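This note's numbering numbers the first residue of the sequence shown as 143 and each following residue consecutively. Glycine included, each C-beta is placed from N, C-alpha and C at the ideal position. Note that this is a predicted model, so its numbers are computed, not measured.
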Amino acid sequence: MLEDYRMVCLSRETSLLGRKEVLTGKAKFGIFGDGKELAQIAMTKAFRKGDFRSGYYRDQTFMFALDLLNVKQYFAGLYAHTDEVKEPMSAGRQMNGHFGTQSLDAAGNWKNLVEQYNSSADISPTAGQMPRLLGLAQASKLFRLNDGLSHLTHLSNGGNEVAFGTIGDASTSEGLFWETMNAASVMQVPMVMSVWDDGFGISVPKKFQTVKESISEALSGFEISDGTNGIRIYKAKAWNYPELLATFEDAVAFSRENQIPCLIHVEEVTQPQGHSTSGSHERYKTAEQLEWAKVYDCNVQFRNFILLEGAATEEELKDIEDGTRREVRAGQKAAWAEYREEIDTEREVGVALLKELAQESSDSDSISKLAADLEKAMDPLRKDILVALRKALRITRAENGNSRNKIKDHLKAAEELNHDRYSSHLYSESDRSPLKINQVDPEFSGEMVDGRVVLRKNFEALFTKYPEVLTFGEDTGKIGGVNQSMEGMQDIFGIHRVSDTGIREATILGQGIGLAMRGLRPIAEIQYLDYLYYALQIMRDDLATVRYRTKGKQMAPVIVRTRGHRLEGIWHSGSPMAAILNSIRGMHVCVPRNMVQAAGMYNTLLQGDDPALVVECLNGYRSKENLPSNLAEFTVPLGVPEVVREGSDVTIVSYGSTFNLCLQAADELNELGISAELIDVQTLLPFDLNHLISRSIQKTSRVIFIDEDVPGGATSFMLDKVMNEQATFFELDSPPKTLSAKAHLPAYGTDGDYISKPSIEDIVEAVYEMFNEVDPSQFPAIY
Ligand SMILES: Cc1ncc(C[n+]2csc(CCOP(=O)(O)OP(=O)(O)O)c2C)c(N)n1
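This is how it looks when you write it as C-alpha cells:
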C-alpha cells in the first residue's frame, strides 16, 4: 500500500512540476494525469505480461507503476528530446502523455511480447484508441481458438491476454466508442474498458456529453445476461482504493477467463490542474466543484485511508511525499540537462563555424552579429542554430571560402541527422520492407478464368502458406464477399480466418490494426472504396502513423482491401484517390488494373512489413484473365510502373479501371496516326521510384495523365511527381495534360458513367487535340 502511495505521489509531483516547466517556457505544451492516479494503480495490479493497453494521455501513473517509463524519460518527452533511449515513448515526435512500448527490436523483428507489458502507441484524436483496442482484444480470441497459431509463442500465451482500454468520459460521445463497444459485445473478446469520468471534456460538462450523464447507465442495454452476448459493467469511485482494487481484479479475471468484455466506469475522478497547460479550469468549474475536487482528490483520500488503516504514520507519509518530490525534481533536472547538453553542443559548433566565417567574409559584421546572438541566446533550439547558419550562407552567397564550405557540409550532415530524428520510419526500414521484395513474374497456365477466380485461388494459396493471415469484412465470410473472391474460403479455413463483420468500417480497420500489432497478418476488407471514408480517419491518424510515431518501435502491417472506380451510381463508383493518398502517407497505395496484378501485389505485401491499401477494379471480377500457376509466389514490385504498350508519339499514364480504357483508346489513336506509349503506374504510393515515366517522355516528348478522380485529384498528383520530382518539364514539346472525371460524383447508370467519367472517346480526343495543336494540317480539328 505504501509503495502504491509512493507511486501516486511520484506521478502527482510529475504533473505539478510538468505544468510549471511548460508555464516557464521550457516545454511547449503539457497534459497530465493528475486526479487519475489511483485507478491506474488498480489497473496495473490486474495487468499481466503479454497484455496490451490502448489508452490516452492521462495514463502516466500506469506507465510509471509498471516501470515502462521513469520520471527522467517523462520529462525528456515533455521537452521533445529526440534521443529514442532517453525518450522511449516516441523519440520526441509526439506531445507529452502519448505513451507506448516497444514491440520491435532494432532490426524491426518482433520482440517476445508475452514477456513484456505492452502498450500500443497513443494518438491524440479523442476515441481514436478505440478501434485498435478491438483488434488487440480479438487477437487473444484467435490465438486461443485457432490451433494454427499455436507456434507463435512469442506473441501470445494461448490467447490469455486482455486488452485494456482507457478513455475520458467526454470522449465516449464519439461514434468510435460506441462502434467499438457494440462490436466487442457482439464478438465477445477479452477487453476491459475503463472510463476515467471527471465530468468534463475540457470545459463542456457531462450533461452536454452523455445521455443521463452516465456512461454506465447509457450502456446498460449492453449488459450480458443468461444466454445473451454483451458486456459486464462495473462501477468504482476514483478515490476508493479497496473498491478500485477489487473491481479491477474481478473484472479483469472475468474477462481474461471468459473472453467477455467489461466496462469499468470510474466515477468521481478529479482534475486538480484542469485539462492541460492551455487554460485554467477556474473559468468553467464552480467554486463548489473546485472545493469538492480538493476533498475527493484520490491522493488525498488514499492518504486518509492509509492513516485510518494505521498502515503508516503522518511522518512516514511525509517522508514519502518529500522523497518523491526530490526524486521528481532530480529526474526533471537530469532530463533537462541531457536535453540541453545535446543542443548546446550543436550551438557551440554553430557559433564556432560562424566565427570562422566572420574572419573570412567580406561582411564580417553581419556574420559576427549572427554568431554573437546565437552565443548569448537563452536555451536556443535547433531551429535557432539552423536559422543562423542558413542566414549566414545567404549573406555570403557571393563568396566561396573554406569556412563557408564548412557550413555547407555541416548543414548537409545536420539534414541527415534531422531526417533520422524527425522524418525517418514513415515506411519500413527493415529487411522486409515491401520495396525490397524480389520480383517474381507470373507463370501463366493458359487457362482463362474470371478475374475473381484468379484472386480466389491466389488467396487460397496465401492462406495455406501463411497461417497468420486472416480476412474479415462485410459479407466476406459466409458468401465469400460480394464479388465472391473469397468464395468457399470459410469452409476451408474456418470462421476465425474468414469472417463476417457488422457494417462498421472504422472498427473493421481497427480490428486490422490491433491484430497486426500483435503479429497477425490481417486483410481488412472494406466493401467499396466509397465507404473507405468511414475508416479514413483511423487510417490516417492511427494506421499510417504507427511506425512513424514510434520511430520504428511498433508496426501494424495491415492490408486494407477494397474495390472501386467505375461501376454504377454516386456511391458505387467513386475514385477519390487523391483524397486518400494524400491522407495516408505511411501506407502504400496499390491500384492494380486487373486481378493478376492485384494478386501479385497481395503476394508482395504479405512478404513485407508495411501497411497498404489495395483498390481492386470493381468491373474486373468477371473479365477473363490468364491464371498464373505460381500462385502466392509471383510478385508485383511496388513503385515500379509497367510499360504495357510501347509507342513513340505520346506517353499515356494511368492506372486501375481507366487504364483498360486507355488500352482501347490506344488502338483508335493508332488508326488516327498517333502511336501511344501506355504506362500503368501500378502503385500511387510509392510512385515510379526509378523514373520510368521520365524516360518514356524523353522518347515521346508528350504526356497525358488520365484517371477517374476529380479534376486536380490524383492526375495532378501524378503530374506533380513527374514534372517536379522527375524534372521532365524541359523534355516536353506540348503542355502536359490531365484528363479526369467531372467534379461531381458519377451519375447513375451507363449514361451517367459515360458523361461523368473519362470515356474512350474522351481519351482519344484529349490525346488527339495535343497533335492538332502541333500540326493541324496532319491532324485536323475534329470539332
Ligand atoms: C477528435 C478530437 N476532437 C477534439 C479534440 C480536442 N480535445 C482534446 S482532449 C478533449 C477533451 C477530452 O475529454 P475527456 O474525454 O473527458 O478526457 P479528459 O481530458 O477529461 O481526461 C478535447 C475536446 C481531440 N483531441 N480530438
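- Secondary structure of Leu531 (DSSP, three-state): helix.
- The closest heavy atom of ligand 1 lies less than 8 Å from the beta carbon of Lys178.
- Taking 8 Å as the cut-off, the C-beta of Gly310 counts as close to a heavy atom of ligand 1.
- Taken from the Cβ of Ala677, every heavy atom of ligand 1 lies 8 Å or farther away.
- Cβ-Cβ separation between Ser876 and Arg844: approximately 5 Å, consistent with a contact (criterion under 8 Å).
- When the alpha-carbon of Val733 is set against those of Trp713, Ser771, Pro779, Lys766, the nearest one is in Pro779.
- DSSP places Ala818 within a strand segment (E or B) once states are collapsed to three.
- Contact check for Lys377 against Val408 passes: the beta carbons are separated by less than 9 Å.
- Unbroken beta strand (DSSP E) runs of no fewer than 3 residues, entirely contained in the region 293 to 367, are found at 305 to 310, 333 to 338, following chain order.
- Short note on Phe605: C-beta not closer than 8 Å to any heavy atom of ligand 1.
- In its chain, beyond the 5 residues on either side, Gln632, Asp642 have a beta carbon closer than 7 Å to the beta carbon of Lys620.
- If you draw a 10 Å sphere on the C-beta of His561, you find fewer than 16 other C-beta atoms in it, and that means exposed.
- Secondary structure at Ala249: coil, using DSSP grouped into helix, strand and coil.
- For Asp247, same chain residues with a beta-carbon under 7 Å away, outside a window of 5 residues either side, are Lys253 in chain order.
- Pairing Lys379 with Asp683, the inter-Cα distance amounts to about 32 Å.
- With a threshold of 8 Å, the Cβ atom of Ser196 does not count as near ligand 1, since no heavy atom of the ligand is closer than that.
- By the CB criterion at 9 Å, Phe390 and Met323 fall outside the cutoff.
- Apart from sequence neighbours up to five positions away, the residues of its chain that approach Thr746 with a beta-carbon distance below 8 Å are Pro576, Ile579, Thr777, Val778, Pro779, Leu780, ordered along the chain.
- In this structure, DSSP gives Asp439 a state outside helix and strand, which the three-state scheme calls coil.
- Annotated three-state conformation of Lys693 is coil, per DSSP.
- Below 8 Å, too few C-beta pairs join the region 735 to 746 and the region 554 to 571 to call them touching: fewer than three.
- Residue environment for Arg539: exposed (fewer than 16 other C-beta atoms within 10 angstroms of its C-beta).
- Residue side-chain check: Gly343 places its Cβ nearer than 8 Å to a non-hydrogen atom of ligand 1.
- The region 325 to 342 and the region 227 to 236 do not touch, with fewer than three beta-carbon pairs separated by less than 8 Å.
- With a cutoff of 8 Å, Thr314 counts as near ligand 1, since its C-beta is closer than that to a heavy atom of the ligand.
- The alpha carbon of Leu685 has as its nearest neighbour, out of Leu662, Asn761, Arg703, Ala658, the alpha carbon of Ala658.
- Counting along the chain, Ser196 sits inside the beta strand (DSSP E) bounded by residues 194 to 196.
- As computed with DSSP, Val595 is found in no beta bridge at all.
- The three-state secondary structure of Asp562, taken from DSSP, is helix.
- In this structure, the straight-line span from the alpha carbon of Arg286 to that of Ser587 is close to 40 Å.
- A distance of 9 Å or more separates the beta carbons of Gly615 and Gln581.
- Comparing alpha carbon positions, the residue from Gly855, Pro853, Pro878, Asp851 closest to Val864 is Pro878.
- Rounded to the nearest whole angstrom, the CA to CA distance from Pro718 to Asp851 is 5 Å.
- For Thr186, the enclosing alpha helix (DSSP H) has its first and last residue at 179 to 188.
- Counting other Cβ atoms within 10 Å of its Cβ, His240 reaches 16 or more and is therefore classed as buried.
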